[in-house]
Amino acid sequence: MGDMPPVRRDGIGVGEQPLGLDPPRRSPPGGHKRRRDHEGVGFLLGTNPQHPQNNSLGPQSPGSRPSGSESAGSGSSTNVPMYKMHRASDILMAFSICSDTKKNEIIEQAKEALEELKKMASMGEPLWQRRDNMEILDGIQYLKQLRRYDLTADMIVKMVERGEPQRSPNPGGNQDMPTFPLATFEFNPLYIEGSRETGLVDMKPVSIVELLMDSRQWLAAFPSIVSRATLIGVILRGVNGSYDGRVQVMAAEFHHSSPLIPSRQSYFARYCKQIARGTWGVVDVSLENLFPSTHVQFRRSPSGCIIEEMPNESSKVTWVEHVQVDNGSVHPIFRSFVESGFAFSAKRWIAMMNRHCQWLATSMAGTSPTSASVFVPQVGRESLLKLSERMTRTFFKNVSSCSDNFWSRAPRAMTHDQDIRYRLGNIVNASGKPPTGTIIFTTTLRLPVPPKILFDFLRDERSRDQWDHISFGRSVRELIHVQNGENHENRVSVVQVNSSPTKIHMVFLQESFSDETGKYVVYAPMDIFGMSMILNGGNPNFAAIMASGFTILPDLPPPWQAQETQGSILNLVFHRGDRSFIDDKIPVNTFGVMDDIVSKTINAIKKALMPDGSGNQSARQ
Numbered sequence: 001m002g003d004m005p006p007v008r009r010d011g012i013g014v015g016e017q018p019l020g021l022d023p024p025r026r027s028p029p030g031g032h033k034r035r036r037d038h039e040g041v042g043f044l045l046g047t048n049p050q051h052p053q054n055n056s057l058g059p060q061s062p063g064s065r066p067s068g069s070e071s072a073g074s075g076s077s078t079n080v081p082m083y084k085m086h087r088a089s090d091i092l093m094a095f096s097i098c099s100d101t102k103k104n105e106i107i108e109q110a111k112e113a114l115e116e117l118k119k120m121a122s123m124g125e126p127l128w129q130r131r132d133n134m135e136i137l138d139g140i141q142y143l144k145q146l147r148r149y150d151l152t153a154d155m156i157v158k159m160v161e162r163g164e165p166q167r168s169p170n171p172g173g174n175q176d177m178p179t180f181p182l183a184t185f186e187f188n189p190l191y192i193e194g195s196r197e198t199g200l201v202d203m204k205p206v207s208i209v210e211l212l213m214d215s216r217q218w219l220a221a222f223p224s225i226v227s228r229a230t231l232i233g234v235i236l237r238g239v240n241g242s243y244d245g246r247v248q249v250m251a252a253e254f255h256h257s258s259p260l261i262p263s264r265q266s267y268f269a270r271y272c273k274q275i276a277r278g279t280w281g282v283v284d285v286s287l288e289n290l291f292p293s294t295h296v297q298f299r300r301s302p303s304g305c306i307i308e309e310m311p312n313e314s315s316k317v318t319w320v321e322h323v324q325v326d327n328g329s330v331h332p333i334f335r336s337f338v339e340s341g342f343a344f345s346a347k348r349w350i351a352m353m354n355r356h357c358q359w360l361a362t363s364m365a366g367t368s369p370t371s372a373s374v375f376v377p378q379v380g381r382e383s384l385l386k387l388s389e390r391m392t393r394t395f396f397k398n399v400s401s402c403s404d405n406f407w408s409r410a411p412r413a414m415t416h417d418q419d420i421r422y423r424l425g426n427i428v429n430a431s432g433k434p435p436t437g438t439i440i441f442t443t444t445l446r447l448p449v450p451p452k453i454l455f456d457f458l459r460d461e462r463s464r465d466q467w468d469h470i471s472f473g474r475s476v477r478e479l480i481h482v483q484n485g486e487n488h489e490n491r492v493s494v495v496q497v498n499s500s501p502t503k504i505h506m507v508f509l510q511e512s513f514s515d516e517t518g519k520y521v522v523y524a525p526m527d528i529f530g531m532s533m534i535l536n537g538g539n540p541n542f543a544a545i546m547a548s549g550f551t552i553l554p555d556l557p558p559p560w561q562a563q564e565t566q567g568s569i570l571n572l573v574f575h576r577g578d579r580s581f582i583d584d585k586i587p588v589n590t591f592g593v594m595d596d597i598v599s600k601t602i603n604a605i606k607k608a609l610m611p612d613g614s615g616n617q618s619a620r621q
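Take 1 as the starting number for the sequence shown in full-length UniProt numbering and just add one per residue.
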């Protein structure tokens, strides 16, 4: 059969976006060759340790291709890759903030933002309303108490309070949160999301401050939220070289675990200040009002955290997440989830910070995992954890809608009308083997199954042979595991699949973890030799992996409905090699393979958890 047209992965012109904020994506013509590297096979390769994919920290030097990015983003008539466009935009921003006038404006705005953050962190009702176990910002009270309040604002507030129609009402989310289309306001008609969360974090305040102010550490700690983080420049240095009083300009892209949820890009000032002994504040505020752009779809209002020192080298962190965003491109299956404010909520930042702290504690612990037949030395345990961390970070980067990832929709005629999104991965060059193309594909569906039940089914090795096409009809057991934190569900496992009692067919590296905002199962196949090398302390940076997995999110009802969450939004992600193509042309039979894997997995899950056959709604548009 014939080949599909080439898939383009390139960038946008510098002149179109002075701040590097991408316009709506268009279907791009032409083609752009992928770089070739070793990402994607489950054994140790004799690769160059300086290769970008071997960097386990995440961010690369400013001029290099970002780690884990396997295609470039938005399309246009230029062949410039997206990572170069980010670089060009960042350089332009760096020049824009050089003047003393701009520096003073940024410093003043950052200091005002911290004062607002302190108020929002300490105030209670009516500014904050409790809804669905989350504190939601009341937009009317925010205007009254914290914003400039002129006659125009008063008129709009009274209209909202009386229930009169607005010119541009909020789509679905917080019904008390107005959208302001009038030119007299200092922002465009974007939907406002605001949430607050307070939690204990097992880390000293100064360590949290460093984590947030160092862009590399920040990116490494929040891989499920931040896909790109760049330090543009330091506007004001801290006291005696510390972070106290430091103002810096950053660029970042925020994402969720599906290509159906658009990423959010912003330039912002980040300001750190020691408020009192043992108490710090770190705040972000967007700079779009200082550098106007016609394509702004996201603004970061004063957001950040107040960090208070607690006993036992821990901290009380109050996180405020407050943004203005255009949610018009969110897929209907995720609309309630995003517009509720839950998808990018403060609760998620606290949860991911706690996960990072647990991971650090697990990595530094001295206990080695054992089983009845396997002993793993300490160096092997460390290699296993590092490889799992890289696998999970790669998974989140691969599945997101960040601008480095250009997604296409598989032809419905070849996928039985399923909405399957795909993109090309790296070309694998293994020693002694022909080059192999890789492809990442995903689909999303609603299931009337509680997230906890779905998560337990997918993470448990005893049920793997019910949904995994590689494990069908085979014996599966967990060989070893490392528990991350006190929750036994959060663990790194080595799962062994036997085709007979004496023959190992495959081993999987798997990590499962959950919190209040979502549940995740990430896995990658490896051959026996590769896993053996890792468990004996081999360098995890040389082990190439193809991360697949599941994200399980609560299927939230619309905010105006009172019923509790009963179901789940399940996102299935597969990353596989395919020797039938090594360029950007995808053979037609590849779509049939994608459809077969997706259909068999979904049907197996439904058969196991919904024997009555209910729950057939998938991501269709």
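Every residue gets a Cβ at the ideal spot worked out from N, C-alpha and C, and that includes glycine.
On a predicted model such as this, the values are computed, not experimentally measured, just so you know.
Counted within 10 angstroms of its Cβ, other Cβ atoms place residue i as buried (16 or more) or exposed
i           : result
Thr443      : buried
Gly328      : exposed
residue 668 : Here the chain comprises residues numbered 1 to 621, so residue 668 is not present and cannot be evaluated.
Leu200      : exposed
Cys98       : exposed
Arg228      : buried
Asn536      : exposed
Thr318      : buried
residue 647 : The chain is shown from 1 up to 621; residue 647 falls before or after that span and cannot be answered.
Asn589      : exposed
Arg26       : Residue confidence is low: Arg26 scores 37 on pLDDT, short of 50, so the model does not pin down where it sits. Its coordinate-derived value is still stated next. Arg26 comes out exposed.
Ala524      : buried
Thr179      : Confidence is the limiting factor: at Thr179 the pLDDT is only 44, short of 50, which leaves the residue's position unreliable and the question unanswerable from this model.
Ser257      : buried
Pro205      : buried
Glu313      : exposed
Arg390      : buried
Val296      : buried
Gln566      : exposed
DSSP state of residue i mapped onto helix, strand, coil
i           : result
residue 682 : Nothing about residue 682 can be read from this structure; the chain reaches only from 1 to 621.
His331      : coil
Leu117      : helix
Ser215      : helix
Asn536      : coil
Tyr191      : strand
Met364      : helix
Arg246      : coil
Ile208      : helix
Thr601      : helix
Phe472      : coil
Gln297      : coil
Cys272      : strand
Asp100      : helix
Ala547      : coil
Phe455      : helix
residue 623 : Any property of residue 623 remains undetermined from this structure, which presents the chain solely from 1 to 621.
Gly592      : helix
Met123      : coil
Asn484      : coil
Identified DSSP bridge partners for residue i
i           : result
Cys305      : Val282, Trp319
Phe254      : Val226, Arg264
Trp128      : Leu137
Glu197      : Trp319
Ile91       : According to DSSP, which records beta bridges pairwise, Ile91 is partnered with nothing at all.
Met526      : Val507
Asp578      : Gly437
residue 623 : Any property of residue 623 remains undetermined from this structure, which presents the chain solely from 1 to 621.
Val325      : Tyr191, Phe298
Phe513      : Tyr520
Residue-level contact to chain B via CB, residue i, 8 Å cutoff
i      : result
Arg300 : Of the chains in the structure shown, none is chain B; there is only one protein chain.
Does the structure place the region 568-579 close enough to the region 408-418 that three or more beta carbon pairs sit under 8 Å? no
Would you call the region 477-485 in contact with the region 373-384, where contact means no fewer than 3 C-beta pairs closer than 8 Å? yes
Inside the region 390-453 only - beta strand (DSSP E) runs reaching at least 3 residues: 421-424, 437-447
Counting Cβ pairs, one atom from each stretch, are 3 or more of them under 8 Å apart for the region 209-219 and the region 329-346? no
Does the region 271-291 come close enough to the region 544-558 to have 3 or more Cβ pairs within less than 8 Å? no
Can at least three beta-carbon pairs, one atom from the region 499-506 and one from the region 344-355, be found at a separation below 8 Å? no
If you pair each beta-carbon of the region 452-472 with each one of the region 506-525, do three or more pairs fall below 8 Å? yes
Can we say the region 297-304 touches the region 105-119, given the rule of at least three CB pairs closer than 8 Å? yes
Does the count of Cβ pairs from the region 415-422 and the region 550-557 closer than 8 Å reach three? no
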